[in-house]
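Below is one structure, written out as structure tokens, with a few remarks after it.
Numbering (this note's numbering), first residue to last: 94 to 184.
Right, here's the structure in full:
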């Protein structure tokens, strides 16, 4: 199944577990150029639009999540998530 090769936890979650969830988005010019040249991932990537992000680098948003009896709770202070919140930190 797509994406499961990179999972680091292959067991059922139980109350009391604490996990780090850290999705990331990285713009790597060399890969962008190669993939575009090879015609790869065109169903997912609009290469014209991402050209303006070549020098951005990337971002990873990390949450520590406690598994509870009735769901989960994100630990710690809220972190910026919207474009406006992230850009306000960068300015």
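We put the CB at the ideal spot given by N, CA and C, even for glycine.
On a predicted model such as this, the values are computed, not experimentally measured, just so you know.
- Beta-carbon to beta-carbon, residue 173 and residue 167 are separated by about 14 Å, too far to satisfy the 8 Å threshold.
- Under the three-state reduction of DSSP, residue 153 is assigned to strand.
- DSSP places residue 183 within a helical segment (H, G or I) once states are collapsed to three.
- Cβ atoms of residue 110 and residue 147 stay farther apart than 8 Å, at about 39 Å.
- In this structure, the straight-line span from the alpha carbon of residue 160 to that of residue 175 is close to 25 Å.
- Boundaries of the alpha helix (DSSP H) harbouring residue 130: 122-131, taken from the DSSP string.
- For residue 140, the enclosing alpha helix (DSSP H) covers residues 140-143.
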